[in-house]
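Q: Numbering (my numbering), first residue to last: 362 to 664.
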């Protein structure tokens with residue numbers, strides 16, 4: 362039986378090592394489980410190499426069952442710690458989401474009150490990076506002539522802003538629509554554009570590196586398109602360099618998507634107001650020309 366006991370010794374020793382490797386932090390539950398596996402492997406080691414001691418103590422002695430109880434108790438503690446950590450993390454995320462919604466509410470109020478969109482785009486981008494999960498944000502819009510430009514940014518260096526502005530000016534809003542069609546949906550109105558798609562689009566690549574995970578890869582970009590009520594593209598909000606890759610999930614995009622919808626409505630409203638002003642001016646000029654023509658026609662008729 363010596364070889365069999367030695368195999369069990371190795372098995373539980375491996376379990377003790379894997380227990381420490383499986384958890385990022387050594388909590389009380391993890392340490393207790395580790396000690397339990399070490400003690401369990403020690404029991405089989407004594408049985409393999411010191412059988413006389415086992416015979417003296419007695420194979421059925423409850424002392425040999427203590428490591429099993431220690432492992433079970435440690436696993437229960439670890440599970441309770443995990444649930445407590447998840448609850449704390451959920452509470453923290455809910456609090457951050459509330460703060461984000463509160464920050465966005467002020468911006469939304471200013472938009473609905475008729476504030477100039479271009480004047481507050483930098484503030485919108487800064488609010489997104491300060492209260493959200495992304496370190497870099499850029500807002501790209503189209504003017505009345507259909508030309509694209511960078512209306513606001515945050516987290517970008519001056520040279521990066523210039524490079525982005527140059528590349529954006531040489532493209533059209535159709536590129537945003539193509540990017541959305543080729544990307545992975547994230548939220549109700551947002552997508553994750555992979556590196557392969559971004560390379561063919563106007564963008565300033567990030568130099569950040571990330572640990573392998575299913576939510577984010579180096580070079581990815583989150584795009585939130587800005588749409589009119591009729592679903593016409595007006596521009597988009599580009600986000601990258603997440604602070605926590607595990608938070609690149611649909612729930613985290615709710616507040617930003619809501620802000621994007623308000624921003625799109627405000628841009629459409631401002632565009633309609635500008636068109637109405639132009640029409641009123643043209644109508645006034647038409648009335649003036651008509652009046653002048655009438656005043657000239659009277660003496661001309663006499664002549």
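Cβ atoms here follow ideal geometry from the backbone N, Cα and C, with glycine treated the same way.
Since this is a predicted model, take the numbers as computed values, not measurements.
In chain order, what residues of the same chain lie with their CB nearer than 8 Å to the CB of residue 398, ignoring the 5 residues before and after it?
A: 373, 374, 376, 377, 380, 428 and 432
Q: In three-state terms, what does DSSP make of residue 438?
A: helix
Q: Using alpha carbons as the reference points, say which of 603, 366, 546 and 567 lies closest to residue 586.
A: 546
Q: Can you give me the C-alpha to C-alpha distance between residue 594 and residue 513, rounded to a whole angstrom?
A: 17 Å
Q: Scan the region 451–530 and note each continuous alpha helix (DSSP H) run of 4 residues or more that stays entirely inside, going in chain order.
A: Counting whole runs of 4 or more residues, the region 451–530 contains the alpha helix (DSSP H) stretches 478–492 and 519–530.
Q: Quick one: grab the DSSP three-state call for residue 588.
A: strand
Q: Give me the Cβ distance between residue 370 and residue 406, rounded to the nearest whole Å; I'm assuming they're in contact under 8 Å.
A: With 8 Å as the limit, residue 370 and residue 406 qualify as a contact, their Cβ atoms being about 5 Å apart.
Q: How about residue 492 and residue 509: are their beta carbons less than 9 Å apart?
A: no
Q: Return helix, strand or coil for residue 626, following the three-state DSSP convention.
A: helix
Q: In terms of alpha-carbon separation, which member of 556, 596 and 589 lies closest to residue 503?
A: 596
Q: Counting C-beta neighbours from all protein chains within 10 Å, is the total for residue 497 16 or more, i.e. buried, or is it exposed?
A: buried
Q: Following the continuous alpha helix (DSSP H) through residue 541, name the residue where it begins and the one where it ends.
A: 534–542
Q: Under a three-way DSSP split, which group does residue 555 fall into?
A: coil
Q: Hey, out of 600, 437 and 548, whose CA is closest to residue 615's CA?
A: 548
Q: Per DSSP, what kind of secondary structure is residue 383 in: helix, strand or coil?
A: Correct three-state label for residue 383: coil.
Q: Rank 364, 604, 495 and 625 by C-alpha distance to the C-alpha of residue 515 and give the top, closest one.
A: 495
Q: Pick helix, strand or coil for residue 378, following the three-state DSSP scheme.
A: helix
Q: What residue range is occupied by the uninterrupted alpha helix (DSSP H) comprising residue 407?
A: 389–410
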